[in-house]
Amino acid sequence: MENQISVKAFGLVAEKIGMNDFQMDNPGNPARFKQQLFERFPELKPLKFTLAINKKLAAEQTEIPQGAEVALLPPFSGG
Amino acid sequence: MDKVRKPKNIFIEGAISPEKIAQSIANHSSKTEIGGHSIFLGQVRADQKENGAVIGIEYSAYAEMALEKAFEIREAIFEKYPLTCMHIYHSLGEVKTGELCLFVFTSSKHRKAAMDACEELVERIKAELPVWGKEILDSDEHVWKVNT
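For the record, the sequence lines run as chains A and B.
Read left to right, the first sequence gives residues 1 to 79 (full-length UniProt numbering).
Read left to right, the second sequence gives residues 1 to 148 (full-length UniProt numbering).
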């Protein structure tokens, strides 16, 4: 069965990759996700950003559920 | 009956008007158990950057997550301090220098709770809400805002 995740990018990360969102096959966990992300967008390697899975900040060992929304969040700068 | 609080929208498109703030204060005149308000207003500053002067900030957010987080913070602050009221507004989109981009408003029976809660709210909003500010420069370039 197909297991795609939807990736959302914000701030400087979105600017660097030139997109606000895209789909990809679910890599299973954040470590593999980042590995695939950096293969596709090597320009993201020097950037500081965290991941949110389904709107919750994610630890490295978290599993990425089927059909999840994974967000790339550069350091927050509201206010 | 206990009031069940639900996530509410904190975002306002563009600058927050001084009239909105005045109206918001006026709206509390009927709540006569309140003895003190504390208000924080964030204003866009004309910083001088390497490639020009800041003329405005364009705010973007991961809105769904930000609203969930704002709700979580709101509940935690209500739990911690004896507050009567709490209001949070944050701009999205463009806000020019000198205009207001953040409005945090707490009210309580005695001043200390309102003042402490307001300060803690502002710190948590800036640190924990997925919101980003793009500082627009007079040279047409931009830099991504960094919170200190």
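The beta-carbon is built from N, C-alpha and C at its ideal position, and this holds for glycine as well.
Keep in mind the model is a prediction, meaning the values are calculated, not measured.
Note to self: Please identify the residue among B:27, B:35, B:51, B:66 whose C-alpha is closest to the C-alpha of residue 7 (chain B).
What the structure shows: The residue labelled residue 7 (chain B) in the question sits at position 7 within the second sequence. Nearest C-alpha to residue 7 (chain B): B:66.
Margin query: Quick check on residue 30 (chain B): does DSSP put it in helix, strand or coil?
Written below: Your numbering for residue 30 (chain B) matches position 30 in the second sequence. Of the three classes helix, strand and coil, the one that applies to residue 30 (chain B) here is coil, per DSSP.
Check: Do the stretch 39-59 of chain A and the stretch 50-69 of chain B touch if we need at least three Cβ pairs shorter than 8 Å?
Finding: yes
Item checked: Coil, strand or helix - residue 143 (chain B) by DSSP -> Residue 143 (chain B) sits at position 143 when you count from the first residue of the second sequence. Strand.
Notebook entry, point to check: Who are residue 85 (chain B)'s beta bridge partners in DSSP?
Noted result: For the purposes of this step, residue 85 (chain B) is taken as the residue at position 85 of the second sequence. According to DSSP, which records beta bridges pairwise, residue 85 (chain B) is partnered with B:107.
Check: Is any beta-carbon of chain B found at less than 8 Å from that of residue 45 (chain A)?
Finding: Within the first sequence, the letter at position 45 stands for residue 45 (chain A). Not an interface residue.
Checklist line | Within-8 Å CB hit, residue 145 (chain B) to chain A | finding: Counting from 1 along the second sequence, the entry for residue 145 (chain B) is found at position 145. With 8 Å as the cut-off, residue 145 (chain B) counts as an interface residue toward chain A.
Next item on the list: Measure from the C-beta of residue 75 (chain A) to each C-beta in chain B and report whether the shortest distance is under 8 Å.
Entry: Locating residue 75 (chain A) in the first sequence gives position 75, counting from the first residue. Yes, because at least one Cβ of chain B sits closer than 8 Å to the Cβ of residue 75 (chain A).
Check: Going by the beta-carbon positions, is the gap between residue 25 (chain A) and residue 9 (chain A) smaller than 8 Å?
Finding: What you label residue 25 (chain A) is simply residue 25 of the first sequence in a count that begins at 1. What you label residue 9 (chain A) is simply residue 9 of the first sequence in a count that begins at 1. No, Cβ-Cβ distance for residue 25 (chain A) and residue 9 (chain A) is not below 8 Å.
Notebook entry, point to check: Is the CB of residue 102 (chain B) under 8 Å away from at least one CB in chain A?
Noted result: The residue labelled residue 102 (chain B) in the question sits at position 102 within the second sequence. Judged by the 8 Å Cβ criterion, residue 102 (chain B) is in contact with chain A.
Notebook entry, point to check: If you draw a straight line from the alpha carbon of residue 59 (chain B) to that of residue 2 (chain A), how long is it in whole angstroms?
Noted result: Within the second sequence, residue 59 (chain B) is the residue found at index 59, counting from 1. Within the first sequence, residue 2 (chain A) is the residue found at index 2, counting from 1. Going from the Cα of residue 59 (chain B) to the Cα of residue 2 (chain A) covers about 36 Å.
Notebook entry, point to check: Taking DSSP as the reference, what is the three-state secondary structure of residue 112 (chain B)?
Noted result: Numbered from its first residue, the second sequence carries residue 112 (chain B) at position 112. In the structure shown, residue 112 (chain B) sits in a helix (DSSP, three-state: H, G or I).
Note to self: Taking the straight line between their C-alpha atoms, what separation do you get for residue 75 (chain B) and residue 139 (chain B)?
What the structure shows: For the purposes of this step, residue 75 (chain B) is identified with residue 75 of the second sequence, where counting begins at 1. For the purposes of this step, residue 139 (chain B) is identified with residue 139 of the second sequence, where counting begins at 1. If you take the alpha carbons of residue 75 (chain B) and residue 139 (chain B), they lie about 42 Å apart.
Note to self: Determine, for residue 10 (chain A), whether the minimum Cβ-Cβ distance to residues of chain B falls below 8 Å.
What the structure shows: If you number the first sequence from 1, residue 10 (chain A) lands on position 10. Closer than 8 Å: yes.
Notebook entry, point to check: Between the C-alpha atoms of residue 40 (chain B) and residue 127 (chain B), what's the straight-line distance to the nearest angstrom?
Noted result: Locating residue 40 (chain B) in the second sequence gives position 40, where the first residue counts as 1. Locating residue 127 (chain B) in the second sequence gives position 127, where the first residue counts as 1. Using only the alpha carbons, I get a separation of about 16 Å.
Notebook entry, point to check: Is there at least one Cβ from chain B nearer than 8 Å to residue 52 (chain A)'s Cβ?
Noted result: Here residue 52 (chain A) refers to the residue found at position 52 when the first sequence is read from its first residue. True, the Cβ-Cβ gap to chain B drops below 8 Å.
Next item on the list: Could you tell me the boundaries of the alpha helix (DSSP H) in which residue 2 (chain A) lies?
Entry: Counting from one through the first sequence, the residue named residue 2 (chain A) turns up at place 2. It is not in any alpha helix (DSSP H) - residue 2 (chain A) carries neither H nor E in the DSSP assignment.
Next item on the list: Check each residue of the stretch 110-133 of chain B: if its Cβ is closer than 8 Å to any Cβ of chain A, include it; give the result in chain order.
Entry: 122, 125, 126, 127, 128, 129, 130, 131, 132, 133
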